[in-house]
Amino acid sequence: MAGHSKWANIQHRKGRQDEKRGRVFSRLAKEITVAARMGGGDASFNPRLRLAVDKAKGVNMPADNIDRAVKKGTGELEGVTYEEIRYEGYGIGGAAVMVDCLTDNKTRTVADVRHAFNKYGGNMGTDGCVAFQFKHCGQMLFAPGTSEDALMEAALEAGADDVATNDDGSIEVLTDPYAFTAVKEALEKAGFTAEFGEVTMKPLNETELEGDDAARMQKLLDAIESLDDVQAVYTSAVMAEE
Numbered sequence: 048m049a050g051h052s053k054w055a056n057i058q059h060r061k062g063r064q065d066e067k068r069g070r071v072f073s074r075l076a077k078e079i080t081v082a083a084r085m086g087g088g089d090a091s092f093n094p095r096l097r098l099a100v101d102k103a104k105g106v107n108m109p110a111d112n113i114d115r116a117v118k119k120g121t122g123e124l125e126g127v128t129y130e131e132i133r134y135e136g137y138g139i140g141g142a143a144v145m146v147d148c149l150t151d152n153k154t155r156t157v158a159d160v161r162h163a164f165n166k167y168g169g170n171m172g173t174d175g176c177v178a179f180q181f182k183h184c185g186q187m188l189f190a191p192g193t194s195e196d197a198l199m200e201a202a203l204e205a206g207a208d209d210v211a212t213n214d215d216g217s218i219e220v221l222t223d224p225y226a227f228t229a230v231k232e233a234l235e236k237a238g239f240t241a242e243f244g245e246v247t248m249k250p251l252n253e254t255e256l257e258g259d260d261a262a263r264m265q266k267l268l269d270a271i272e273s274l275d276d277v278q279a280v281y282t283s284a285v286m287a288e289e
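All residue numbers for the sequence shown refer to this note's numbering, where the first residue is 48 and numbers rise by one.
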């Protein structure tokens, strides 16, 4: 694909997420609360909670905030009960979009998400309409120039599912979602630190967009991501470099 760089696109997405860091704490607090409510407050026995807490620590969320969110989930502190809900749809050029939400008011949330889709040229679909186009996994990206053979050996020994080298020289390591933290820590001990890593819904195929279509798609994604009830947005769209 002309102008397509996995490295550049991941860095661009990470940069946009960093710009919205002010919203990150509240979203992570919600996730921690829900994880604790569903699986208990001990992260050692609750993989989802451990992932959420690790992510919170990764963005320097204060320990008091983390502890308070856990206690709201376990019922030690009073808190709002959130419901998980996923919406699916299509963006510009038929690109798949998946939206994960935590909400205390489904009627408000579905209206807000539908409005964002409609306003910016997308279409909200039915449950399952695009979910099959994504894989739930841990994803780490290592900079071009990293030793492919050494990283592959270390990653597979640590329990990674797959290692692939992209056309731009960056190396991608994929894991089971709940093995992500263990694999990441093992690779760091072996001397490999990912430039970017997260548990995500990875698109199985990508839809490359250029020019006006790319700009329109970015507006749609920004509009959805700005909604208070939205936790994460996943898409098969890739914005080509100019």
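By construction, the Cβ of each residue, glycine as well, lies at the ideal position given by its N, Cα and C atoms.
| Check | Outcome |
| --- | --- |
| Give the C-beta separation of Ala205 and Ala163 to the nearest angstrom, bearing in mind that I take them to be a contact with Cβ-Cβ under 8 Å. | With 8 Å as the limit, Ala205 and Ala163 do not qualify as a contact, their Cβ atoms being about 39 Å apart. |
| Just the Cα atoms here: how many angstroms apart are Gln180 and Lys236? | 34 Å |
| If Asp276 and Asp159 are in contact, beta carbons under 8 Å, what's the gap, nearest whole angstrom? | 7 Å |
| Tell me whether Val106 is buried or exposed, calling it buried when 16 or more other Cβ atoms sit within 10 Å of its Cβ. | exposed |
| Under a Cβ-count criterion, where at least 16 other Cβ atoms within 10 Å of its own Cβ denotes burial, should Asn252 be classed as buried or exposed? | exposed |
| Going along the chain, which residues of its own chain have a beta-carbon closer than 8 Å to the beta-carbon of Gly244, five neighbours each way excluded? | Gly185, Gln186, Met187, Leu188, Phe227 and Lys231 |
| In chain order, what residues of the same chain have a beta carbon less than 6 Å from the beta carbon of Thr74, not counting five sequence neighbours either side? | Looking at the sequence provided, one finds Arg at residue 74 rather than Thr. Cβ within range, chain order: Gln278. |
| Just how far apart, CA to CA, sit Ala110 and Val220? | 29 Å |
| Of all the options Ser217, Asp215, Asp214 and Asp223, which has the alpha carbon lying nearest to the alpha carbon of Leu203? | Asp223 |
| Among Asp260, Ile271 and Leu274, which residue has its Cα nearest to the Cα of Ala284? | Asp260 |
| If you measure between the beta carbons of Asn170 and Tyr134, is that distance less than 8 Å? | no |
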